[in-house]
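*Asks:* I have a structure here, written as structure tokens, and I will follow up with some questions on it.
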Amino acid sequence: DTELSTIYVPGTPPMFKKPDSPIALGQDTGSHYVDQHAVKFRQHQFEPAFQAIAVRNPSKRFDDIDIVINRGSMSTLLQFSKGLTSPAFTMTLHTIGKTLIIGRMVKKGQVGSAVGSYGRNFETAWTQQMEPDLQDADGHHRVIQYKLGDLEVVVRHEADAYIPDGAPENEVLLLAAPLGSTIQHTSPHPTSVIRAGRFIPQDRVMELKSNAKSRPVEQM
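Right, dumping it as structure tokens:
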């Protein structure tokens, strides 16, 4: 982590690679980010996403978008709307034109591993980053757009892995993004964009979940 935050575009998630079985996993240790964007980009949490969109789809406009949000906040709001019990949460709301941008605020940037948690060790054992230029990447995030009732919603989410079913799209980009292809601004902590990785179709992207045998499946 440096003062200059860097993203790879399009980037590539790790490949799902089933290890030889049986396999024994140790419990997770150490700390991890609650939300990288809420910590590293506290003032402009969606700037990395907008920078990536500016490179991948420079003609994209948000005039018809009603809500921009991340998956975690979306899940929290859906639970809240259903009346389900959830910890207290704080979100930031900004409007630009007709678009509502919902950010997330966290009390702690990093938290320790929960007792009985195996998720991160599971991902390490069952995935492998295959791109030589992305070995220092600490996550892969995507932005998807869909209809939620009458609302046009853009959601940022993290992709844990991809299914190695066929060859990824032949798009290998190793040069720094040229001037003019990224968003120019005067933020004290701008985002550097490096073109690297291979685009993986969305229908091959995976969310990985693990669960201790002693815990109900519903808690995954």
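Residue numbers (this note's numbering): 118 to 337.
C-beta atoms are modelled at their ideal positions from N, C-alpha and C, and glycine is treated no differently.
#1: Relative to the C-alpha of Val322, which candidate in Val126, Phe133 and Gln262 has its C-alpha closest?
#2: Work out the CA separation of Asp137 and Trp243 for me, nearest whole Å.
#3: Which residue from Leu142, Thr129 and Pro130 puts its Cα closest to that of Arg237?
#4: On the three-pair Cβ rule with 8 Å, is the segment 150-164 touching the segment 210-222?
#5: Using beta-carbon positions only, say whether Pro130 and Tyr279 come within less than 8 Å of one another.
#6: Answer with buried or exposed for Tyr125, where buried requires no fewer than 16 other C-beta atoms within 10 angstroms of its C-beta.
#7: Who are the Cβ neighbours of Gly189 in its own chain at under 8 Å, not counting the five residues just before and after it?
#8: In three-state terms, what does DSSP make of Thr209?
#9: Whose C-alpha, out of Phe163, Gly256, His274 and Lys135, is nearest the C-alpha of Gly128?
#10: Can you give me the Cβ contacts of Gln144 inside the same chain, cut-off strictly under 8 Å, excluding the 5 residues immediately before and after it?
#11: Which full runs of the alpha helix (DSSP H) of 4+ residues lie inside the segment 147-231, going along the chain?
#12: Looking at C-alpha atoms only, which residue of Lys330, Phe316, Gly147 and Pro175 is the closest neighbour of Met247?
#13: Would you call Phe163 buried or exposed, if buried means 16 or more other Cβ atoms sit within 10 Å of its Cβ?
#14: Does DSSP put Arg237 in a helix, a strand or coil?
#15: Report the rounded CA-to-CA distance for Gln196 versus Asp282, giving the unit in angstroms.
#16: Is the CB-CB distance between Val260 and Ala171 below 8 Å?
#17: Starting from Arg259, follow its DSSP beta bridges and name the residues at the other end.
*Replies:* Answer, in terms of the structure:
#1: As a first step, residue 322 must be located in the sequence shown, where it is residue number 205. Ranking the options by Cα distance to Val322, first place goes to Phe133.
#2: Looking up residue 243 in the sequence shown gives position 126. Looking up residue 137 in the sequence shown gives position 20. C-alpha separation (whole angstroms): 10 Å.
#3: Within the sequence shown, numbered from 1, the residue matching residue 237 stands at position 120. When each option's Cα is compared against that of Arg237, the closest is Leu142.
#4: yes
#5: If you number the sequence shown from 1, residue 130 lands on position 13. If you number the sequence shown from 1, residue 279 lands on position 162. Result yes, Cβ atoms of Pro130 and Tyr279 sit closer than 8 Å.
#6: For the purposes of this step, residue 125 is taken as the residue at position 8 of the sequence shown. It counts as buried.
#7: Position 72 of the sequence shown, counting from 1, holds the residue named residue 189. The answer, listed in chain order, is Asp152 and Arg221.
#8: Numbered from 1 along the sequence shown, position 92 holds the residue referred to as residue 209. If DSSP states are grouped into helix, strand and coil, Thr209 belongs with the strands.
#9: Position 11 of the sequence shown, counted from the first residue, corresponds to residue 128. Selected option, being the one with the closest Cα: Gly256.
#10: Working through the sequence shown from its first residue, we reach residue 144 at position 27. Ser230, Val232, Gly233, Ser234, Tyr235 and Asn238.
#11: 153-157, 164-173 and 188-198
#12: The residue labelled residue 247 in the question sits at position 130 within the sequence shown. With distances taken between CA atoms, Met247 lies nearest to Phe316 out of Lys330, Phe316, Gly147 and Pro175.
#13: Taking the first residue of the sequence shown as 1, we reach residue 163 at position 46. Counting Cβ neighbours within 10 Å, Phe163 comes out buried, since at least 16 surround it.
#14: Taking the first residue of the sequence shown as 1, we reach residue 237 at position 120. The answer is helix: DSSP assigns Arg237 an H, G or I state.
#15: For the purposes of this step, residue 196 is identified with residue 79 of the sequence shown, where counting begins at 1. For the purposes of this step, residue 282 is identified with residue 165 of the sequence shown, where counting begins at 1. Each residue's alpha carbon lies about 34 Å from the other.
#16: Here residue 260 refers to the residue found at position 143 when the sequence shown is read from its first residue. Here residue 171 refers to the residue found at position 54 when the sequence shown is read from its first residue. Against a cut-off of 8 Å, the Cβ pair of Ala171 and Val260 comes out as no contact.
#17: As a position in the sequence shown, residue 259 is number 142, starting the count at 1. Answer by DSSP bridge pairing, in chain order: His274.
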